[in-house]
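Novice: Numbering (the working numbering), first residue to last: -3 to 274. Got a structure for you, questions after.
Structure follows, in structure tokens:
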């Protein structure tokens, strides 16, 4: 169970708002932030360096609020939560509340606020390409993902060549995997990865057909999801050596939450081989 530092109702004059006059005139906002981290060692040693300096955190929040301008307090809350996680690596989770008591609403109210709660997740992503300049596409896509404020590329595998899967005649594939730290929840991560695929003109005309870029969520923390939009762990991963071999470079001892076998065990058990070992 994590400890937390709570900053409550930090009063900041800023210029966020949908209307032009809000941006021009500004107004007071009240920011509350709860930072979840383990500061047991800091408490035992009385060492400020082992925790988050809340004075500096207040300065950072104030600078963020005054340096940026957003139309909605939802955006302010979301972006500030991401910024705090990016600023403080020891913080595992944040809760940010943005209060706007002077909001231009024709009603009597005490306050209007929104709250975002974001945490660090670990996702394992498989990637593949067999159209265009595949190696360049994969390289550029990895950079695009890493440059997003909600994602951080932790590690990537060797890029491996493989023969096509599924019986469709097509070019050799280039396959790999990556470990991603992300603040995006599963469906938002799926949507984000699909926007990256679309940037590189991914088409879905032929099942198991050629593609410029394929990005699949293999694992997401230890979650199990199965609906019409998303299935995690990926349903076919245990049959695909071109998924498992790159993945075992990164997380060979990671245990499949349903099959209860490690990636190494699954990779060793695959019958149909597609990785080109030359």
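Just so it is clear, CB atoms sit at the ideal spot from N, CA and C, and this is done for glycine as well.
Where are the beta strand (DSSP E) runs, 3 residues long or more, that stay fully inside the segment 64 to 129, in chain order?
Specialist: Whole beta strand (DSSP E) segments, 3+ residues: 89 to 95, 109 to 115 and 117 to 125.
Novice: Find out if the Cβ-Cβ distance for the pair residue 328, residue 209 is shorter than 9 Å.
Specialist: Any question about residue 328 goes unanswered here, given that the chain covers just -3 to 274.
Novice: Would you kindly check if the distance between the Cβ of residue 119 and the Cβ of residue 177 is under 9 Å?
Specialist: In the chain shown, counting from the first residue as 1, residue 177 sits at position 181. In the chain shown, counting from the first residue as 1, residue 119 sits at position 123. Contact flag set, yes.
Novice: Which residue wins for smallest C-alpha separation from residue 54, given the options 84, 20 and 197?
Specialist: Along the chain shown, read from residue 1 onward, the residue named residue 54 stands at position 58. Minimum Cα distance to residue 54 is reached at 84.
Novice: Assuming residue 254 and residue 230 make a contact with CB atoms under 8 Å, what is their CB distance in whole Å?
Specialist: Reading the chain shown from its first residue, position 258 is the one you call residue 254. Reading the chain shown from its first residue, position 234 is the one you call residue 230. The pair is not a contact, with the Cβ atoms about 11 Å apart (cut-off 8 Å).
Novice: Whole angstroms are fine: how far does the CA of residue 249 sit from the CA of residue 89?
Specialist: The count along the chain shown starts at 1 and reaches residue 89 at position 93. The count along the chain shown starts at 1 and reaches residue 249 at position 253. About 26 Å.
Novice: How big is the Cα-Cα spacing for residue 187 and residue 40?
Specialist: What you label residue 187 is simply residue 191 of the chain shown in a count that begins at 1. What you label residue 40 is simply residue 44 of the chain shown in a count that begins at 1. Distance between the alpha carbons of residue 187 and residue 40 is about 43 Å.
Novice: Taking all protein chains shown into account, do 16 or more other C-beta atoms lie within 10 angstroms of the C-beta of residue 27, making it buried, or fewer, making it exposed?
Specialist: Position 31 of the chain shown, counted from the first residue, corresponds to residue 27. Flag for residue 27 reads buried.
Novice: What do you get for residue 237, buried or exposed, if any count of 16 or more other CB atoms within 10 angstroms of its CB means buried?
Specialist: As a first step, residue 237 must be located in the chain shown, where it is residue number 241. Label assigned to residue 237: buried.
Novice: So residue 62 and residue 8 are in contact, right, with Cβ under 8 Å, and what is the actual spacing, rounded?
Specialist: Taking the chain shown and counting its residues from 1, the one referred to as residue 62 is at position 66. Taking the chain shown and counting its residues from 1, the one referred to as residue 8 is at position 12. Residue 62 to residue 8, Cβ: 7 Å. Contact.
Novice: What does residue 196 pair with, by DSSP beta-bridge criteria?
Specialist: Locating residue 196 in the chain shown gives position 200, where the first residue counts as 1. In DSSP, residue 196 forms no bridge with anything.
Novice: Taking the beta carbon of residue 24 as the centre, do at least 16 other beta carbons fall within 10 Å, making it buried, or is it exposed?
Specialist: Counting from 1 along the chain shown, the entry for residue 24 is found at position 28. By the neighbour-count rule (16 or more Cβ atoms within 10 Å), residue 24 is not buried but exposed.
Novice: Taking the alpha carbon of residue 101 as the point to measure from, which residue in 13, 5, 20 and 180 has its own alpha carbon closest?
Specialist: Locating residue 101 in the chain shown gives position 105, where the first residue counts as 1. Of 13, 5, 20 and 180, the residue nearest in Cα terms is 13.
Novice: Between residue 244 and the rest of its own chain, which residues show a CB-CB distance below 7 Å, the 5 nearest in sequence each way excluded?
Specialist: For the purposes of this step, residue 244 is taken as the residue at position 248 of the chain shown. Taken in chain order, the residues that qualify are 259, 260 and 263.
Novice: Under 8 Å by Cβ, that's how I've got residue 271 and residue 156 pegged, so tell me the actual separation to the nearest angstrom.
Specialist: Here the question's residue 271 lines up with position 275 in the chain shown. Here the question's residue 156 lines up with position 160 in the chain shown. About 6 Å separates the two Cβ atoms, so the contact holds.
Novice: Assuming residue 142 contacts residue 149 under a Cβ cut-off of 8 Å, what Cβ separation, rounded to an integer in Å, is found between them?
Specialist: As a position in the chain shown, residue 142 is number 146, starting the count at 1. As a position in the chain shown, residue 149 is number 153, starting the count at 1. The Cβ separation is near 4 Å, so the contact holds.
Novice: Going by DSSP, which residues form a beta bridge with residue 30?
Specialist: Here residue 30 is taken as the residue at index 34 of the chain shown, counted from 1. Note: residue 30 sits in a beta bridge opposite 2 and 91.
Novice: Residue 145 and residue 78 look like a contact to me (Cβ under 8 Å); what is the Cβ gap, rounded to whole Å?
Specialist: Translated into positions along the chain shown, residue 145 becomes position 149. Translated into positions along the chain shown, residue 78 becomes position 82. About 5 Å separates the two Cβ atoms, so the contact holds.
Novice: When burial is assigned at 16 or more other CB atoms within 10 Å of the CB, is residue 193 buried or exposed?
Specialist: The count along the chain shown starts at 1 and reaches residue 193 at position 197. Buried is the call here.
Novice: Alpha carbons only, please: which of 246, 133, 247 and 240 is nearest the one belonging to residue 196?
Specialist: If you number the chain shown from 1, residue 196 lands on position 200. Comparing Cα positions, the closest option is 133.
Novice: May I ask you to report which of helix, strand or coil DSSP gives residue 218?
Specialist: Walking along the chain shown from the start, residue 218 turns up at place 222. Correct three-state label for residue 218: coil.
Novice: Look at residue 234 and residue 252 and say whether their C-beta atoms are less than 9 Å apart.
Specialist: If you number the chain shown from 1, residue 234 lands on position 238. If you number the chain shown from 1, residue 252 lands on position 256. For residue 234 and residue 252, yes; Cβs fall inside 9 Å.
Novice: Residue 206 and residue 107 look like a contact to me (Cβ under 8 Å); what is the Cβ gap, rounded to whole Å?
Specialist: For the purposes of this step, residue 206 is taken as the residue at position 210 of the chain shown. For the purposes of this step, residue 107 is taken as the residue at position 111 of the chain shown. Their Cβ separation, rounded to whole angstroms, is 55 Å, which puts residue 206 and residue 107 out of contact at 8 Å.
Novice: For residue 86, which residues of its own chain have a beta-carbon under 6 Å away from its beta-carbon, when the five flanking residues on both sides are left out?
Specialist: Counting from 1 along the chain shown, the entry for residue 86 is found at position 90. So the list reads 33, once near-sequence residues are dropped.
Novice: Going by other Cβ atoms of all chains shown within 10 Å of its Cβ, with 16 needed for buried, is residue 112 buried or exposed?
Specialist: Mapped onto the chain shown, residue 112 falls at position 116. Per the 10 Å Cβ criterion, buried.
Novice: Less than 9 Å between the C-beta atoms of residue 94 and residue 80, yes or no?
Specialist: If you number the chain shown from 1, residue 94 lands on position 98. If you number the chain shown from 1, residue 80 lands on position 84. Contact flag unset, no.
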